[in-house]
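> What follows is a single structure, and I will ask about it in a moment.
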Amino acid sequence: MRIEYDRDTCIGMFQCVAEWDAFERDEDAGKAVLVDGEETEEDLFVREVPEGAELDAKFAARACPVDAIRVYDDDGEQIV
C-alpha cells in the first residue's frame, strides 16, 4: 500500500496530522509534511505505508477536506 500527498492542494487544516503520525505540521508554510515522503513530481510526495499503519493512512486521507491525500493498494488501485 502506498500514500500520495499533494502538498500544493493542502490548505493546512492539519486533520491528517491528528490521524497519522506520518504527517507533521509545517507552521511556516501552513501545510502538512509527509514524513519520509519522496517527491516524485513538484509538490507530490509518495511513500509506502508501513505494515500496521494501513488504517491510520486511510483515516488521514479521509480526514483531508480537500482530498490532497490518496491511498493506493499494492495493485495500484485507489482505495481512498
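Numbering-wise, numbering that gives the first Met the number 0 puts 48 at position 49 of the sequence shown, and it's gapless, one number per residue. Ideal placement from N, C-alpha and C gives every residue a C-beta, glycine not left out.
1. Would you tell me roughly how many angstroms separate the C-alpha atoms of residue 44 and residue 9, rounded to the nearest one?
2. Kindly indicate the opening and closing residues of the beta strand (DSSP E) around residue 1.
3. Would you mind stating whether residue 59 and residue 13 have Cβ atoms separated by less than 8 Å?
4. Going by the CB atoms, is the gap between residue 0 and residue 70 shorter than 8 Å?
5. Is it true that the CB of residue 24 sits closer than 8 Å to the CB of residue 17?
For this structure:
1. Stepping through the sequence shown from its first residue, residue 44 is reached at position 45. Stepping through the sequence shown from its first residue, residue 9 is reached at position 10. Going from the Cα of residue 44 to the Cα of residue 9 covers about 12 Å.
2. Locating residue 1 in the sequence shown gives position 2, where the first residue counts as 1. Note, residue 1: beta strand (DSSP E), 1 to 5.
3. Counting from one through the sequence shown, the residue named residue 59 turns up at place 60. Counting from one through the sequence shown, the residue named residue 13 turns up at place 14. Contact: no.
4. Within the sequence shown, numbered from 1, the residue matching residue 70 stands at position 71. Within the sequence shown, numbered from 1, the residue matching residue 0 stands at position 1. Their beta carbons are under 8 Å apart, which means residue 70 touches residue 0 by this criterion.
5. Residue 17 sits at position 18 when you count from the first residue of the sequence shown. Residue 24 sits at position 25 when you count from the first residue of the sequence shown. By the CB criterion at 8 Å, residue 17 and residue 24 fall outside the cutoff.
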